[in-house]
Amino acid sequence: MNNTRQSLYEGMYILSATLSEDARKKALDKILDGITEKGGSIRKVLEIGRRKLAYTIEKRREGYYYLIYFNIIPSAISHLWEEYQLHEDLLKYMTSCCSEADILESFEFKPLKQS
């Protein structure tokens, strides 16, 4: 098995809603830098925006959602997860393999109407 071949991944990241715009950008850059430092390449970054969480996380009810498509070798994923554990502004994350078709779809997220 060739471990140097990169695979395409989709990552969903939820950052703390209490962050300022500047701090949120720095937190996102920290995630993106972690991927590129491990030899990965960023394909697409989608800012979904501020959303209500499905359940309370660390006494927080809202977070900023980001969807990131990137290529990286599979063995680097566990190293990224270790870094994410130390990232205090990152509430939740999920990484999964995806296909090229997933990244080619163009869609936009629109804010939910507040009642």
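The sequence shown runs 7 to 121 under this note's numbering.
Idealized CB from N, CA, C, for every residue including glycine.
Cutting at 8 angstroms between CB atoms, please list the residues of its own chain near glutamate 27, excluding the five before and the five after it.
Around glutamate 27: no qualifying Cβ.
What did DSSP end up calling arginine 66 once you bin it into helix, strand or coil?
Reduced to three states, the DSSP call for arginine 66 is strand.
Who are the near neighbours of serine 47 in its chain, counting only those whose CB is closer than 7 angstroms to its CB and skipping five residues on each side?
If we look at serine 47 and ignore the five residues flanking it on each side, its Cβ neighbours are Phe76 and Asn77.
Where serine 102 falls: helix, strand or coil (DSSP)
Three-state DSSP puts serine 102 in a strand.
Per DSSP, what kind of secondary structure is arginine 11 in: helix, strand or coil?
Looking at arginine 11 - three-state DSSP - the assignment turns out to be coil, as it is neither helix nor strand.
So arginine 56 packs on alanine 23, CB below 8 angstroms; how close in whole Å?
At roughly 6 angstroms, the Cβ-Cβ gap stays under 8 angstroms, so arginine 56 and alanine 23 are in contact.
By the 10 Å Cβ neighbour count, where 16 or more other Cβ atoms means buried, how is glycine 4 classified, buried or exposed?
It is not possible to answer for residue 4, since the shown part of the chain is limited to 7 through 121.
For serine 26, list the residues DSSP reports as bridge partners.
By DSSP's assignment, serine 26 forms no beta bridge with any residue.
First and last residue of the uninterrupted alpha helix (DSSP H) at isoleucine 83:
Element bounds for isoleucine 83: 82 to 91.
Decide if alanine 82 is buried, meaning its Cβ has at least 16 other Cβ atoms within 10 Å, or exposed.
Sixteen is the threshold: when 16 or more other Cβ atoms of the shown chains lie within 10 Å of the Cβ of alanine 82, as they do, the residue is buried.
Between leucine 97 and glutamate 64, is the Cβ-Cβ spacing less than 8 angstroms?
Leucine 97 places its beta carbon less than 8 angstroms from that of glutamate 64.
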